[in-house]
Amino acid sequence: MSKRYSRSVAVAAAAALVLTGCGGVGGGDDEPAEGGAVTLTTMGFGVGDEIASTRVDLADKTVGGKAKIGNNAFDAQQFLSAVASNNPPDLVYMDRQLLGTYAARGTLEPLESCVESEQIDLDQYRDPALAEVTLDDKLYGLPEFYNNRVLMVNDASVQSAGLTPDAIDPGDRDLLSQSATKLTKKNGSDLARIGFDPKIPEFLPIWAKANGVDMLSEDGKTANLDDPKLVAALEYAVGLIQAQGGWGSFKAFRDSFDFFGEENPFAADQLASFPMEDWYLNVLADVSPDLKFTVAPFTDEQGQPVDWVTGTAWAIPAASEHKEQACKWIKTMTDSETWIAAAEARRDKRDAENKPFSGVYTGNEVADEKIFGEIVDLADTPVYDKAVKNVLEAQESAFSMPSSPAGSEFRTAWQDAVNRVLSGQQAPAAAMAQAQQEAQAALDNATGN
Amino acid sequence: MPAPANDRKARTRRWFAGFRERETWAAYAFLSPWIIGFLVFMGGPMVISFVLSLTDYDAIGDTRNVGWANYEKLLSDPKIRTSLANTMIYTVLAVPATMIVSLTLASMLHRVGRRSAGVFRTLFYLPEVTPKVAVGVLFLLLFNGQVGLVNGALGLVGIDGPQWSTDPNWVKPGLVLMDIWSVGGTVIIYLAALNNVPRDLYEAAALDGVSAWQRFRHITLPMISGALFFTLIVQTIYKLQTFDEAYTAFYGSAASAQYSNDAALFYLVYLFQQAFQFLHMGFASAMAWLLFVVIMIITIIQVRVSNRFVYYEGGDR
Numbered sequence: 001m002s003k004r005y006s007r008s009v010a011v012a013a014a015a016a017l018v019l020t021g022c023g024g025v026g027g028g029d030d031e032p033a034e035g036g037a038v039t040l041t042t043m044g045f046g047v048g049d050e051i052a053s054t055r056v057d058l059a060d061k062t063v064g065g066k067a068k069i070g071n072n073a074f075d076a077q078q079f080l081s082a083v084a085s086n087n088p089p090d091l092v093y094m095d096r097q098l099l100g101t102y103a104a105r106g107t108l109e110p111l112e113s114c115v116e117s118e119q120i121d122l123d124q125y126r127d128p129a130l131a132e133v134t135l136d137d138k139l140y141g142l143p144e145f146y147n148n149r150v151l152m153v154n155d156a157s158v159q160s161a162g163l164t165p166d167a168i169d170p171g172d173r174d175l176l177s178q179s180a181t182k183l184t185k186k187n188g189s190d191l192a193r194i195g196f197d198p199k200i201p202e203f204l205p206i207w208a209k210a211n212g213v214d215m216l217s218e219d220g221k222t223a224n225l226d227d228p229k230l231v232a233a234l235e236y237a238v239g240l241i242q243a244q245g246g247w248g249s250f251k252a253f254r255d256s257f258d259f260f261g262e263e264n265p266f267a268a269d270q271l272a273s274f275p276m277e278d279w280y281l282n283v284l285a286d287v288s289p290d291l292k293f294t295v296a297p298f299t300d301e302q303g304q305p306v307d308w309v310t311g312t313a314w315a316i317p318a319a320s321e322h323k324e325q326a327c328k329w330i331k332t333m334t335d336s337e338t339w340i341a342a343a344e345a346r347r348d349k350r351d352a353e354n355k356p357f358s359g360v361y362t363g364n365e366v367a368d369e370k371i372f373g374e375i376v377d378l379a380d381t382p383v384y385d386k387a388v389k390n391v392l393e394a395q396e397s398a399f400s401m402p403s404s405p406a407g408s409e410f411r412t413a414w415q416d417a418v419n420r421v422l423s424g425q426q427a428p429a430a431a432m433a434q435a436q437q438e439a440q441a442a443l444d445n446a447t448g449n
Numbered sequence: 001m002p003a004p005a006n007d008r009k010a011r012t013r014r015w016f017a018g019f020r021e022r023e024t025w026a027a028y029a030f031l032s033p034w035i036i037g038f039l040v041f042m043g044g045p046m047v048i049s050f051v052l053s054l055t056d057y058d059a060i061g062d063t064r065n066v067g068w069a070n071y072e073k074l075l076s077d078p079k080i081r082t083s084l085a086n087t088m089i090y091t092v093l094a095v096p097a098t099m100i101v102s103l104t105l106a107s108m109l110h111r112v113g114r115r116s117a118g119v120f121r122t123l124f125y126l127p128e129v130t131p132k133v134a135v136g137v138l139f140l141l142l143f144n145g146q147v148g149l150v151n152g153a154l155g156l157v158g159i160d161g162p163q164w165s166t167d168p169n170w171v172k173p174g175l176v177l178m179d180i181w182s183v184g185g186t187v188i189i190y191l192a193a194l195n196n197v198p199r200d201l202y203e204a205a206a207l208d209g210v211s212a213w214q215r216f217r218h219i220t221l222p223m224i225s226g227a228l229f230f231t232l233i234v235q236t237i238y239k240l241q242t243f244d245e246a247y248t249a250f251y252g253s254a255a256s257a258q259y260s261n262d263a264a265l266f267y268l269v270y271l272f273q274q275a276f277q278f279l280h281m282g283f284a285s286a287m288a289w290l291l292f293v294v295i296m297i298i299t300i301i302q303v304r305v306s307n308r309f310v311y312y313e314g315g316d317r
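The listed protein sequences derive, respectively, from chains A and B. Quick note: the first sequence uses UniProt numbering, first residue 1, plus one each step. Quick note: the second sequence uses UniProt numbering, first residue 1, plus one each step.
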C-alpha cells in the first residue's frame, strides 16, 4: 500500500465520516382513502389495546376516513425531520411535558379555532392536564391519560417482615427509612428484595412537592432546582437507595424485573413498596389478579396527599393539511363518550377473563365520573376496590408541571443531575446547582431573555 | 520534496490535454455517479453544516446569524468537555483492543486450513452484521451487574464483577468489551494482509533459527504494517464517532434516558441531543465541525508518525 494512497484514504475517510452523520426521514403521505375521504396521518401513537382501538374506531367514524396509525412511540428526530421537510403528519401524540418545546417554535397549531368550530367543552378536561398543554395562555393540545402517582405496597412482603402497610409512610421519613431497611432482603452481596424504591430520578418532582418545592415556576420560565428543600429531598431519596445496597446493585436488580409479566416484582416478592403510576393497577389486574397489595396516596411530612400527574396529548402540527378533520378526530379521541366506550370494552374483556377491571384514568373528568361511578365494579375484589378509591382520593390533590418552551432541556437537566448523584459523581447540592444553571440557561434561551 | 514549478505546469497541461481523448470523457462518465453523489450527499451537506454553525437554527423556524457564538459556546459548555473526554478515553481503550483482538484472531485463522478458515471467517464476521441497536440492548442484558452473563461468568472464577451499566468507572470498559464483539471486518483485513506476506521470508528466517516471536516481530508486523496503519486510521475515526450502542443503552428510549449516565455521554450522543432533542441545530453543527477538526488533527499526527513505522512496498512514490 503506497504512502500517498494511505494518506488519501485517511483524509477522505475523515472528511466523509465526520460531516455526514445526520440524515432526515420523511413524514407520512396524504393519499385520499377510498371514496375520497381524508386519510389522516399520525405520529407517536399505537393501537396496542382495546382502549386505543375502540377510540380510534370512533374517531375514524367521525371524520369518515381511516387514520394511519404508525404504532411507534413519539420520535423527536422523525417529527422534526417531517416538519422541516414540510411534510408533517396531521396529528402528533406526545408526552405533555414535551409539548411546550414544540409549541414555542410554532410547530403546533394553537387550538382556539378548533375548540370554537367543534364546540369542544374544555370544562370536561382536568385542569392540571390542561395546564400542561397550555403555553402563554394558548391551548396546543387535548389531554389523554392522567397518570397519578400513588404509593403501592406489597402486602405479602411487609407481612413477612413483621410490618403493616402503614409502615410505608412518606410523611414520616424516619419510619420510612427504617421500614425500607427492614424490608430489604439480600442474598449474599446480591439484592433479593428492594424494601422501598423511591423511583428517582423519574419521580423527583413528587419528592420535591412533598418538601414544598415547585421545580418550575407557574409560567414555566424560572427553574427552582437548587432550592435547599429540593436538595434535602434528593439527599433523603438517595440515602434510601444507599441504605439498601447502593445504586449499582439497586438498579441492576431492578433491571432484571419482569415488570409486566406474571413474575412481576410484587408477585415474585422482589419489591416491597414504591410510588408508582396508576396504570400499574391495570397491569397487576391483568397478570396477577389475586395479588394482595395496598395503595395509598403519597404524602408530604404533614400527611397531606401529593399526586404528580403526567400524561400524553394530541396536537395538530401547524403545517397539517387537514386541520379541520384532525380537530374532529382529536375531539372524539378525548371526548367523554369515547372514553366511556373504551372503558366498557376493557370491562367486557376483563369480565370475559374473570379479572378485575380497575378503571381508566383519563384527563377527562366527565368520563372518569361515569367510568368510576358506573362501569368499574370491584365489589368482589376488595383489594382493587380500596386501591381505586385511594387513587381517586389522591387525584384530588394532583399537580402537574407547567408547560415550558424548554421542557425537554429542563427535564434532561434535573434527571442528569440526579443520575450524577446516584452514580457518585457529584454531591446533591453541586448536582442541583449545575442543573439549575443548565435549566435556567435553556429557559432563558427559549424565552428570549 | 516539492515538485518543481515547471513539472507542475507540465502535469496540468497533460491533464487538460487528456480531455481531447474520448477515453478521458468515458472515464469521467463512469466516475460521475460517485462525483455527483459526493457533491450532493457529502460536499453540499458539509457546506450547509458550516453555514448553519454560524446561525441559531431550530430546524423549524428561520435561521438567525450569530457569527462565531456557537463556537464560543463550545468552549464554555462543560458537557462538551465531558463528552469529548469520554470519547477520547473510549477511543484510546477501544482502538488498541480492537486491533489486538483482530490480529490475534486473524493470526489464528491464518494458521488453520483454508476450509476451516472459511467457516471461522464467517462466524467472526457474523456479529458485524448485527444491528448496533441490538448490540446496545444486548449490552444491558449481558452486563447487568446482578443477573448478567458476564458477571455470572466472572463469579464462576471467584470474581465479584463490577456494575458495568451504572458505575462510571466501568461503563466505558464495558462498552469497549461489547464493541470487540464485532471485529470481523478488521479480522478480514488482517487476514488478507497476512496471506500476502511472502512465505520465503519465513522460510529464510526458519533456516536462520529465528524464533516465532522474532518472526512475528521482524517479518509479520513490518509486512502488514500498511494494513495496521489503515485500520488504525479508520478505527480511530470510527470510535471517535461512536454513537449507536451507547445511545441505545443509555439514551434511546424515554425510559432509558431517565437513567442516563454521564460516563456514557459520548460526543455524538451529545451532538444528537443538541440537534434533535433540544433543537439547537446551529450549535450541533458547530459541534460537528469541532469533531471534524479534532479527527483531522489526530489523523494528520497518525499519518506523520506512520512514516517511521509503516513499510510501503512501492517506496515513497
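Using N, Cα and C, we set each Cβ at its ideal position, and we do this for glycine too. All of these numbers come straight from a predicted model, not from anything done at the bench.
Shown in chain order are the members of the region 54 to 84 of chain B whose Cβ falls below 7 angstroms from a Cβ of chain A: D58, A59, I60, G61. Counting only runs of 3+ residues, no beta strand (DSSP E) is found wholly inside the region 192 to 264 of chain A. Under DSSP, D56 of chain B shares a beta bridge with B:R64.
Beyond the five residues adjoining it in sequence on each side, K209 of chain A comes within less than 7 angstroms, by CB distance, of V306, W308, F399 in the same chain, given in chain order. Between the region 266 to 283 of chain A and the region 133 to 144 of chain A there are fewer than three inter-stretch CB-CB distances shorter than 8 angstroms, so the stretches are not counted as touching. In the displayed model, N147 of chain A falls within a strand according to three-state DSSP.
In the pairwise beta carbon analysis, the region 176 to 183 of chain B is classified as touching the region 97 to 108 of chain B: at least three pairs are separated by under 8 angstroms.
Exclusion of the five residues before and after N419 of chain A leaves P201 as the residues of its chain whose Cβ lies within less than 8 angstroms of its Cβ. Contact note: S249 of chain A reaches chain B through G145, Q146, Q163, T166, using a C-beta cutoff of 9 angstroms and chain order. With distances taken between CA atoms, D123 of chain A lies nearest to A:E365 out of A:E365, A:S217, A:T134. In this structure, the alpha-carbon of A104 of chain A lies about 8 angstroms from that of A446 of chain A. Under DSSP, T310 of chain A takes part in a beta bridge, and its partners are A:N147. Taken in chain order, the unbroken stretches of alpha helix (DSSP H) that lie wholly in the region 178 to 254 of chain B and span 4 residues or more are 184 to 195, 199 to 207, 212 to 215, 225 to 240, 244 to 250. A367 of chain A is positioned such that its CB atom lies no closer than 8 angstroms to that of M94 of chain A. Annotated as proximal: A59 of chain A and T332 of chain A, with beta-carbon spacing under 8 angstroms.
Straight-line spacing of the CA atoms in S189 of chain A and I241 of chain A works out to 15 angstroms. S157 of chain A and S285 of chain B have their alpha carbons spaced roughly 53 angstroms apart. Between the alpha carbons of A252 of chain A and V238 of chain A lies a gap of roughly 16 angstroms. Counting only residues of its own chain and dropping the five nearest sequence neighbours on each side, Y361 of chain A has a CB closer than 8 angstroms to the CB of F145, Y146, N147, N148, D278, W279, D368, V391, Q395. Here A52 of chain A carries a helix assignment [DSSP, helix/strand/coil].
For the 8 angstroms CB-CB criterion, T42 of chain A and K68 of chain A form a contact.
In the structure shown, the three-state DSSP call for S273 of chain A is strand. For A204 of chain B, the closest C-alpha among the options B:L175, B:R115, B:D56, B:I219 is that of B:I219. Judged by beta-carbon spacing, N144 of chain B lies beyond the 8 angstroms limit of L265 of chain B, meaning their Cβ atoms are not closer than that value. Using a CB distance below 7 angstroms, the part of the region 198 to 211 of chain A facing chain B consists of P201, E202, ordered along the chain. Per DSSP, the continuous alpha helix (DSSP H) segment holding F283 of chain B begins and ends at 281 to 309. As the crow flies, the alpha-carbon of D385 of chain A is around 21 angstroms from that of A341 of chain A. Chain A places no beta carbon closer than 8 angstroms to that of Y125 of chain B, leaving this residue out of the contacts.
Residue contact with chain A for Q277 of chain B: present (Cβ-Cβ distance below 8 angstroms to some residue of chain A). Judged by their CB atoms, D255 of chain A and L140 of chain B are nearer to each other than the 8 angstroms cut-off.
The C-beta separation of A233 of chain A from N211 of chain A comes to about 4 angstroms, placing the pair in contact by the 8 angstroms criterion. When rounded, the separation of the alpha-carbon atoms in P356 of chain A and F74 of chain A is 31 angstroms. Taking the Cα of W329 of chain A as reference, the smallest distance to any Cα among A:G448, A:L111, A:K349, A:N264 is reached at A:L111. In the DSSP secondary-structure assignment, M43 of chain A is bridged to A:V92. Pairing V150 of chain B with L142 of chain B gives a Cβ-Cβ distance under 8 angstroms. Ranked by Cα distance from D166 of chain A, the options A:T294, A:A343, A:K323 are led by A:T294.
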